[in-house]
Amino acid sequence: MKATSIMPLSKASPGCSYSVISIRLNKSDRRRILDLGLIPNTVIKVLQKSPLGDPVAYFIRGSVIALRSECTKRIIVKKV
Amino acid sequence: MQLEKILSTGAEILMKTLKTNKKFSLKKRSTSCYTVAIAGNPNVGKSTVFNALTGLHQHTGNWPGKTVERAEGSYTYNKNSFNLIDIPGTYSLLANSPEEEIARDFICFKSPDAVIIVLDATCIERNLNLALQILEITNKVVICLNLIDEAEKKKIRIDKDELSLQLGGATIVPTNARDKKGLEALKKAVENICKDGSQIKNVKNNYGEKIEQSLENISKHLSNEKINDIDPRWLSLRLLEGDFSFYSSLKKYLPLRALEDYNLNEKIKSEKEKLGFKENNSEGLRDKIVETLIKRSENIYKLCVKTSKKDYDLKDRAIDKFLTSPLTGFPTMILFLMGIFWITITGANYPSEVISSVLFALEEKLMNFLVYCSVPPWICGITVSGVYRTLAWVVSVMLPPMAIFFPLFTLLEDVGYLPRIAFNLDGVFKKCGCHGKQSLTMCMGFGCNACGIIGCRIIDSPRERLIAILTNNFVPCNGRFPLLISIIGMFFIGESLTALSSLSSALILTGTIIIGIATTFIISKLLSKTLLKGISSSFTLELPPYRKPQVGKILIRSLLDRTIFVLGRAVAVAAPAGLIIWVMANTFVNNTSLLIHCSTFLDPFAKSIGLDGIILMAFILGFPANEIVLPIIIMSYMSTGSIMDIQNPTQLHLLLTSHGWTYITAICVMLFSLMHFPCGTTCWTIKKETKSLAWTLASFILPTIVGIIVCFLVSNVLKLMPIW
Ligand SMILES: Nc1nc2c(ncn2[C@@H]2O[C@H](COP(=O)(O)OP(=O)(O)OP(=O)(O)O)[C@@H](O)[C@H]2O)c(=O)[nH]1
Ligand SMILES: [Mg+2]
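Taken in sequence, the protein lines are chains A and B. In terms of my numbering, the first sequence opens at residue 1 and continues consecutively. In terms of my numbering, the second sequence opens at residue 1001 and continues consecutively.
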């Protein structure tokens, strides 16, 4: 379990909280994510998946935001 | 002349654009007329604040991205007049999207006398990011802490004084804009800023020693330039960051020479190098900027906000679980849609009958009166049998379903269900290579396709936005529902309207809509594989908390707005159409009326796709407004057939069948109504939004071709089946 505690956000499981390690997105995608307050060390809670599995809803700094897997694949997190 | 309301209606959009074009200049007219901008994150209640201050009826809705067009209004306070501008909500001013560009340019270059920053009191931490960015541009700021009632309910306590302290002494005004609380204080604060200037000091963000030093070095080169009162430090930061969209804005608003300074450009270059950022790559610098802002927001939040109840959103999450789970997500969506249709069909029936009997009784009286005044028969014909009768049809058949459907849909919007639809359907849109917010634009299309088209602005990527625009017409707007409902009622359910029969009507109507949605998916996929090739871009979708809808207000507003609009459009479009039909039916060339000539001409083609000449002609004449298609069909048949007086569905059904309608005709008319060229207002809006004649033509031709192909296939396949 220890080895897998660092993972992309897309692999995170609903109900758990994670802390952001790095964001490997570029340009406008990156800015959009940063502007929502998602910077390293931010704690995110995974809320739930949509009916088709993607996107997934997250609790980020007081609001609920849905993100597609293209994006969350590139956000590296650590379980807290 | 003010902009009373921005309705979800086509004609309104037309009028509005004409008005805004005229009054585009925002110059201060006199010293006592101030310009005030309302800025803030999406869905924090900016439009609600705007409405509460100005008394206008700008549309509000519980989802981010409701307002995409700038709205203006004014109010008077202490004999001064304030011109208020509601700018679209954004998360940031760092220009990731056209909206952010608009917001930034407005605050930066139009130099408003004051900016009201609306913060969501339940979500201050994220909101502060934008507030800090605005404070960097201007200090003429009033902080409006909106949704304070919700914060109280969620036991979120905000230390106002500390917040003010952290924001350089800015005035903080808690408001509950929905219940019009705290507005006096807000007006007072705005007046103070406008009149006496701002007291806010030292709110600049500290980006670290190195960057600060660079900023200082660059601003030295700026201070002697003419930069129109723009904060030199902020300008330096943007120049250092090298934001392209910002450069183009600068060129638009500043005197050209301002930035064409060799020394300045060299300085920027060398400062970048000093900081270790390459000339064209300032990603690292941008990260640093954003991180500074976010961290500062976090700190302020920790200092000012205390929450005693941790799980205040438990109820929302439970509702979300139900409305968006794999098992219940889609079924509830369909059930909601069907429920709305069912209520609409059941509820519209009786008022329809009453209105029609009143209006037709009036027709007789009108006719008698004209004859009594010895008005020539042809004038009687044109006015009463032509214009009046068409109007009566439009009003009685179209008005009641609209008046019920629209408020119901607005109710769902106000509760906050729309973003959940987008959440549910996003997976499908992704597979089609489209943007997940396309479903939001489709939802708006139910009200009016022209509004749906404007709503497409919430989609940033131009490719995906075009797809959304081109396919928006596959969701039938309010103006097309009554046609669908009438035909379903006549051909598939039977005359008597019981609870059961209206339930099956709703079922069929829902099926029809689902066909439209499926077509949207298929065509979107085709487009993104061919003409508009590409993969879907990433996006963020905020799911706001559920809110108790303002039932009374919704009812009054949509009823009033709808009623006035439908009547207005009916007069504007149906009346001349009725006139044309009457003239065509009563002008004879070679012993046959023009109407017959026309329909005979169109007949062969129309028959091949399961319609007839008259129906096709009605769709063409219905180009200005879809509402009048069915009335034109009826008028045309009546003027060519023997039945002259119909007042109830049975007779209408008889009229249609006596002109050769079968089930196949009914199905094809419904399909063609779902898939044909957009109405005039929508085309006009598409032209305006895409700024391209080619795409406007494409959006005209595409659905029409799809409709022709579908109707051709369906009618010919059905004809092969013996049961008909
Ligand atoms: N309870 C409560 N609800 C509010 C208040 N202000 C606004 N709302 C509701 O919040 C929702 C969003 O309001 P809008 O005024 O449309 O928000 P906006 O900031 O204009 O949103 P965009 O145009 O999407 O950026 C609506 O459902 C409003 O009824 C408030 O003070 N209290
Ligand atoms: Mg708004």
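C-beta: ideal position from N, C-alpha, C; glycine also. Please read all numbers here as calculations on a predicted model, not as lab measurements.
Q: Report the rounded CA-to-CA distance for Tyr1546(B) versus Lys1153(B), giving the unit in angstroms.
A: If you number the second sequence from 1, residue 1546(B) lands on position 546. If you number the second sequence from 1, residue 1153(B) lands on position 153. Going from the Cα of Tyr1546(B) to the Cα of Lys1153(B) covers about 13 Å.
**Q.** Inter-residue spacing [alpha-carbon to alpha-carbon] between Ser1032(B) and Leu1135(B)
**A.** The residue you call residue 1032(B) lines up with position 32 of the second sequence. The residue you call residue 1135(B) lines up with position 135 of the second sequence. One C-alpha to the other measures close to 24 Å.
**Q.** Collapsed DSSP secondary structure at His1221(B) in the structure displayed
**A.** One-based indexing of the second sequence puts residue 1221(B) at position 221. Reduced to three states, the DSSP call for His1221(B) is helix.
Q. Mind checking if Pro8(A) is an interface residue toward chain B, Cβ cutoff 8 Å exclusive?
A. Walking along the first sequence from the start, residue 8(A) turns up at place 8. So no, Pro8(A) is outside the interface.
Q. What are the partner residues of Lys1306(B), as DSSP defines its beta bridges?
A. Looking up residue 1306(B) in the second sequence gives position 306. In DSSP, Lys1306(B) forms a bridge with Arg1157(B).
Q | With 16 other Cβ atoms within 10 Å as the buried cut-off, status of Gln1133(B) | A | Position 133 of the second sequence, counting from 1, holds the residue named residue 1133(B). Buried, since its Cβ has 16 or more Cβ neighbours within 10 Å.
Q. Quick one: does Val64(A) have its CB under 8 Å from some CB of chain B?
A. The residue given as residue 64(A) occupies position 64 in the first sequence. It does; some Cβ of chain B falls within 8 Å.
Q. Is the shortest distance between the beta-carbon of Arg24(A) and the beta-carbons of chain B less than 8 Å?
A. Stepping through the first sequence from its first residue, residue 24(A) is reached at position 24. Not one chain B Cβ lies under 8 Å of Arg24(A).
Q | Within chain B, the residues that Cys71(A) reaches when beta carbons sit closer than 9 Å | A | Position 71 of the first sequence, counted from the first residue, corresponds to residue 71(A). Going along chain B in sequence order, the residues near Cys71(A) (Cβ under 9 Å) are Ser1538, Phe1539, Thr1540.
Q. Ends of the beta strand (DSSP E) at Ala57(A)?
A. In the first sequence, counting from the first residue as 1, residue 57(A) sits at position 57. Residues 56-60.
Q | Gly1707(B) versus Met1670(B) - alpha carbon distance | A | As a first step, residue 1707(B) must be located in the second sequence, where it is residue number 707. As a first step, residue 1670(B) must be located in the second sequence, where it is residue number 670. C-alpha separation (whole angstroms): 10 Å.
Q. Hey, is Arg1178(B) close to ligand 1, as in C-beta under 7 Å from one of its heavy atoms?
A. Residue numbering aside, residue 1178(B) sits at position 178 when the second sequence is read from its first letter. True, at least one ligand heavy atom lies under 7 Å from that Cβ.
Q) For Glu1072(B), does the three-state DSSP call read helix, strand or coil? A) Locating residue 1072(B) in the second sequence gives position 72, where the first residue counts as 1. The answer is strand: DSSP assigns Glu1072(B) an E or B state.
Q | Interface residues of chain A facing Val1290(B) [CB-CB closer than 8 Å] | A | The sequence position of residue 1290(B) within the second sequence is 290, counting from 1. Arg31, Leu34, Asp35, Ile39, listed in chain order.
**Q.** Chain-ordered residues of the stretch 44-59 of chain A with a beta carbon less than 9 Å from chain B
**A.** Leu47, Gln48, Lys49, Ser50, Pro51, Leu52, Gly53, Asp54, Pro55, Ala57, Phe59
**Q.** Short Cβ contact (8 Å threshold) for Gln1267(B) with Asn1217(B)
**A.** The residue given as residue 1267(B) occupies position 267 in the second sequence. The residue given as residue 1217(B) occupies position 217 in the second sequence. At residue 1267(B) the sequence reads Lys, which differs from the Gln that was named. Their beta carbons are under 8 Å apart, which means Lys1267(B) touches Asn1217(B) by this criterion.
Q. Going along chain B in order, which residues have a C-beta closer than 7 Å to the C-beta of Gln28(A)?
A. Working through the first sequence from its first residue, we reach residue 28(A) at position 28. As written in the sequence, residue 28(A) is Ser, which differs from the Gln given in the question. The answer, in chain order, is Asn1096.
**Q.** Selection from Pro1544(B), Gly1276(B), Leu1239(B) that minimises the alpha carbon distance to Leu1264(B)
**A.** Within the second sequence, residue 1264(B) is the residue found at index 264, counting from 1. Selected option, being the one with the closest Cα: Leu1239(B).
(Q) If we define contact as Cβ-Cβ less than 8 Å, is Thr1704(B) a contact residue for chain A? (A) Working through the second sequence from its first residue, we reach residue 1704(B) at position 704. Not closer than 8 Å to any Cβ of chain A, the Cβ of Thr1704(B) fails to qualify, so no.
Q: Please compile the residues from chain A whose C-beta is within a distance smaller than 7 Å of the C-beta of Pro1462(B).
A: Sequence index remark: in the second sequence, residue 1462(B) carries index 462 (1-based). Simply none; closest approach about 13 Å.
Q: Sort out for me which residues DSSP pairs Pro1174(B) with in a bridge.
A: Position 174 of the second sequence, counting from 1, holds the residue named residue 1174(B). DSSP output for Pro1174(B) lists Leu1145(B) as bridge partner(s).
Q.
Could you tell me the alpha carbon to alpha carbon distance between Ile1340(B) and Thr1510(B), rounded to whole angstroms?
A. Along the second sequence, read from residue 1 onward, the residue named residue 1340(B) stands at position 340. Along the second sequence, read from residue 1 onward, the residue named residue 1510(B) stands at position 510. C-alpha separation (whole angstroms): 10 Å.
**Q.** Residue ranges of each alpha helix (DSSP H) within the stretch 1095-1151 of chain B, 4 or longer
**A.** 1098-1109, 1124-1137
Q.
ligand 1 and Gly1552(B): does the residue's C-beta get closer than 7 Å to at least one heavy atom of that ligand?
A. Residue mapping note: residue 1552(B) aligns to position 552 of the second sequence, counting from 1. No.
Q: Can you check DSSP and say which residues form a bridge with Tyr1077(B)?
A: Taking the second sequence and counting its residues from 1, the one referred to as residue 1077(B) is at position 77. Beta-bridge pairing links Tyr1077(B) to Asn1080(B).
Q.
Is it the case that the stretch 1170-1178 of chain B contacts the stretch 1042-1055 of chain B, given that we only count it when at least three CB pairs across the two stretches are under 8 Å?
A. yes
Q.
Is Ile993(B) close to chain A? Criterion is C-beta to C-beta, closer than 8 Å.
A. Any property of residue 993(B) remains undetermined from this structure, which presents chain B solely from 1001 to 1724.
Q. Closer than 8 Å, CB to CB, is Thr1324(B) near chain A or not?
A. Within the second sequence, the letter at position 324 stands for residue 1324(B). Yes, because at least one Cβ of chain A sits closer than 8 Å to the Cβ of Thr1324(B).
Q.
By the DSSP assignment, the alpha helix (DSSP H) with Cys1456(B) in it spans what residues?
A. In the second sequence, counting from the first residue as 1, residue 1456(B) sits at position 456. Element bounds for Cys1456(B): n/a, residue is neither H nor E.
(Q) Here's a check: name, in chain order, each residue in its chain whose Cβ is nearer than 7 Å to the Cβ of Thr1519(B), leaving out the five neighbours to either side. (A) The sequence position of residue 1519(B) within the second sequence is 519, counting from 1. Cβ within range, chain order: Phe1474, Met1675, Val1706.
Q: Measuring only between beta-carbons, confirm whether Leu1240(B) sits less than 8 Å from chain A.
A: Your numbering for residue 1240(B) matches position 240 in the second sequence. Taking Cβ atoms only, chain A never reaches closer than 8 Å to Leu1240(B), which makes this a no.
(Q) Output needed for Pro1351(B): all residues of its chain with C-beta closer than 7 Å, excluding positions within five of it in sequence on either side, in chain order. (A) Position 351 of the second sequence holds residue 1351(B). Counting only Cβ-Cβ distances below 7 Å, and skipping sequence neighbours, we find Pro1400.
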